[in-house]
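Below: the structure, in structure tokens.
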Amino acid sequence: MTRASQRLLAGDKRALSQVISLLERHDPATSQVLKEIDPHTGGAYTVGITGPPGAGKSTIVDRLTELLRQQGLTVGILGVDPSSPFTGGALLGDRIRMQRHYLDSGVFIRSVATRGQSGGLPRIIKGMVRLLDAAGTDLVLVETVGVGQSELGIMGVADTVVVTLMPESGDAIQTLKAGIMEIADLYVVNKADRDGSEQMATTIRAMLQMAPTQPDWTPPVVLTQARSGDGISELWDKVEEHRQYITTSSELATRRSQRRKQEFLETVEEEVGRRLRAMMHSNPDFVATLELVANKNAEPYSSAMQLVESSYGSADWPGSLTGTVT
Ligand SMILES: Nc1nc2c(ncn2[C@@H]2O[C@H](COP(=O)(O)OP(=O)(O)OP(=O)(O)O)[C@@H](O)[C@H]2O)c(=O)[nH]1
Ligand SMILES: [Mg+2]
Numbered sequence: 637m638t639r640a641s642q643r644l645l646a647g648d649k650r651a652l653s654q655v656i657s658l659l660e661r662h663d664p665a666t667s668q669v670l671k672e673i674d675p676h677t678g679g680a681y682t683v684g685i686t687g688p689p690g691a692g693k694s695t696i697v698d699r700l701t702e703l704l705r706q707q708g709l710t711v712g713i714l715g716v717d718p719s720s721p722f723t724g725g726a727l728l729g730d731r732i733r734m735q736r737h738y739l740d741s742g743v744f745i746r747s748v749a750t751r752g753q754s755g756g757l758p759r760i761i762k763g764m765v766r767l768l769d770a771a772g773t774d775l776v777l778v779e780t781v782g783v784g785q786s787e788l789g790i791m792g793v794a795d796t797v798v799v800t801l802m803p804e805s806g807d808a809i810q811t812l813k814a815g816i817m818e819i820a821d822l823y824v825v826n827k828a829d830r831d832g833s834e835q836m837a838t839t840i841r842a843m844l845q846m847a848p849t850q851p852d853w854t855p856p857v858v859l860t861q862a863r864s865g866d867g868i869s870e871l872w873d874k875v876e877e878h879r880q881y882i883t884t885s886s887e888l889a890t891r892r893s894q895r896r897k898q899e900f901l902e903t904v905e906e907e908v909g910r911r912l913r914a915m916m917h918s919n920p921d922f923v924a925t926l927e928l929v930a931n932k933n934a935e936p937y938s939s940a941m942q943l944v945e946s947s948y949g950s951a952d953w954p955g956s957l958t959g960t961v962t
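Here my numbering = 1-based position in the sequence shown + 636.
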């Protein structure tokens, strides 16, 4: 076993940080580490906190961290930041507030830039969660911003998905229609100190009744005031309830194995794409073919098919690899 894996499994936070950086840079060395630590994962529980900008996600993460630390649990926080190209390890939103946890050895905080990737959630987040898991983290909290489609990626990583809204997101109904309802295991209406929060909770509950999303689980709607901490322990109780439910119903095992399959396929697709883009500059045959196509000396569609078939055979590919897994 590599020294990096040994240190990581021993809970060494510096090793954890280093391997996460390697993973972010797509360093080939991470393959070995991920492979070695895999048998030692599965102990951590992952909670995704998603919702529109400014809903209070970071404040909630901060409060939950406080609560979990009081219970003696270790916490890993991954903030996915779509806005800034690189945030250098600071968490999005309330950076100052989170700093009190930076000094705590039982908390690991990391911000991950999406670098303009589509789909919202970078694939490597999944590897990062496993690294945190192997390092002995009890709870991993993943914060993602977004509305609609970009949020759906959180399902690829979280065991429990918390959708956070606030009274001012008057577009809540729109948000919920955009496919968010299918991913929410529970709802938070934050900023309950403001007008309209009760009504928003009522609306969500009514929508859930009209269109149930999961057969044996009705997502609870919790009111919080993250800034003061009101409602945070109730929120955690509901997360625990959901955890209980998906653990006993075997749903958790199903979700996790689906996610592994999905990650494998996404990685193949992404890495093949990366190599292809590299070939555009470095492989003389490929560059020559591109030129032929550009100068109308070769036809684009059939030339592409010829290339793909010579590398992968003429099987009936079911379109996008990742689109086929449900
Ligand atoms: N009134 C009120 N304000 C709150 C509450 N919780 C958070 N806020 C404030 O709302 C603002 C946004 O909070 P954040 O926690 O940064 O929200 P976020 O969802 O993480 O924001 P982004 O990551 O930028 O999308 C901050 O100024 C918070 O202090 C609350 O319960 N009531
Ligand atoms: Mg935030």
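C-beta atoms are modelled at their ideal positions from N, C-alpha and C, and glycine is treated no differently.
Please read all numbers here as calculations on a predicted model, not as lab measurements.
| Alpha-carbon spacing of Leu700 relative to Thr638, whole angstroms | When rounded, the distance between both Cα atoms is 34 Å.
| request: Measure from the alpha carbon of Asp769 to the alpha carbon of each residue in Leu859, Ser939 and Phe744, then state which is nearest. | output: Looking at the Cα atoms, Phe744 is the closest of the given residues.
| task | Please classify Lys827: is it buried, with 16 or more other beta-carbons within 10 angstroms of its beta-carbon, or exposed? | result | Within 10 angstroms of the beta-carbon of Lys827 lie 16 or more other beta-carbons, which makes it buried.
| said: Rounded to the nearest angstrom, what separates Ala691 and Ala862 at their Cα positions? | reply: So the two alpha carbons sit approximately 10 Å from each other.
| field | Selected residue, minimal CA-CA separation from Glu660, among Ser918, Ala640, Ile673 and Arg759 | value | With distances taken between CA atoms, Glu660 lies nearest to Arg759 out of Ser918, Ala640, Ile673 and Arg759.
| query | What's the gap between the Cα of Arg643 and the Cα of Leu767? | reply | Pairing Arg643 with Leu767, the inter-Cα distance amounts to about 11 Å.
| said: Tell me the DSSP secondary structure of Asp866 in three-state form. | reply: Residue state, collapsed to three classes: strand.
| said: Give me the residue from Pro689, Asp740 and Asp674 with the minimum Cα distance to Gly715. | reply: Comparing Cα-Cα distances from Gly715 to each of Pro689, Asp740 and Asp674, the minimum goes to Pro689.
| message | Using a Cβ-based criterion (distance less than 7 Å to any ligand heavy atom), does Asp774 qualify as near ligand 4? | response | Ligand 4 is absent from the structure shown, which contains only ligand 1 and ligand 2.
| Can you tell which of Val748, Gly789, Ala837 and Ile790 has the C-alpha that lies nearest to the C-alpha of Pro803? | Considering only alpha carbons, the answer is Ala837.
| said: Tell me the residue span of the beta strand (DSSP E) that contains Ser741. | reply: Ser741 -> no beta strand (DSSP E), and no H or E assigned at all.
| field | Residues that Gln861 bridges to, as DSSP identifies them | value | Paired residue(s): Asp866.
| Three-state secondary structure (DSSP) of Gly687 | In the structure shown, Gly687 adopts extended strand secondary structure according to DSSP, grouped into three states.
| field | 3-residue-minimum beta strand (DSSP E) runs that sit fully inside the region 796-842, ordered along the chain | value | Whole beta strand (DSSP E) segments, 3+ residues: 796-801 and 822-825.
| query | How many angstroms separate the CA atom of Leu926 from the CA atom of Lys671? | reply | So the two alpha carbons sit approximately 37 Å from each other.
| field | Contacting residues, own chain, Cβ-Cβ under 7 Å from Ala651 (five flanking each side not counted) | value | Ala640, Arg643 and Leu644, listed in sequence order.
| query | Would a C-beta distance cut-off of 8 Å place Glu779 and Val697 closer than the cut-off? | reply | Glu779 is a Cβ neighbour of Val697, given a cutoff of 8 Å.
| Sequence-distant residues of its chain with Cβ nearer than 8 Å to Thr849 (five each side left out) | Same-chain partners within the cutoff: Met817, Glu818, Ala820 and Pro855.
| field | Selected residue, minimal CA-CA separation from Glu876, among Val683, Ser653, Asn931 and Ser741 | value | It is Val683 whose Cα lies nearest to the Cα of Glu876.
| said: In whole angstroms, give me the CA-to-CA distance for Thr883 and Gly679. | reply: Answer to the nearest angstrom: the Cα atoms are 12 Å apart.
| task | Quick one: using the 10 Å Cβ neighbour count with 16 as the cut-off for buried, is Met916 buried or exposed? | result | Residue environment: Met916 is assigned as exposed (fewer than 16 neighbouring CB atoms within 10 Å of its CB, all protein chains considered).
| said: On the criterion of 16 or more Cβ atoms from any shown chain inside 10 Å, does Glu899 qualify as buried, or is it exposed? | reply: Looking at its Cβ environment, which holds 16 or more other Cβ atoms inside 10 Å, Glu899 is buried.
| So, are the CB atoms of Leu844 and Val858 less than 8 Å apart? | Not a contact, by the Cβ cut-off of 8 Å.
| Local conformation of Val781 per DSSP, three classes | Correct three-state label for Val781: strand.
| message | Once the 5 residues before and after Gly729 are set aside, which same chain residues still bring their CB inside 6 Å of it? | response | At Gly729 the pLDDT is 46, less than 50, meaning the model places this residue with poor confidence; the figure from the coordinates comes in the next sentence. Answer for Gly729: Ser694, listed in chain order.
| field | Helix, strand or coil at Gly792 according to DSSP, with G and I counted as helix | value | If DSSP states are grouped into helix, strand and coil, Gly792 belongs with the helices.
| query | Does DSSP classify Asp674 as helix, strand or coil? | reply | Three-state DSSP puts Asp674 in a helix.
| field | Residue range of the unbroken beta strand (DSSP E) whose run includes Gly909 | value | Unbroken run through Gly909 is the alpha helix (DSSP H), Glu887 to Ser918; no beta strand (DSSP E).
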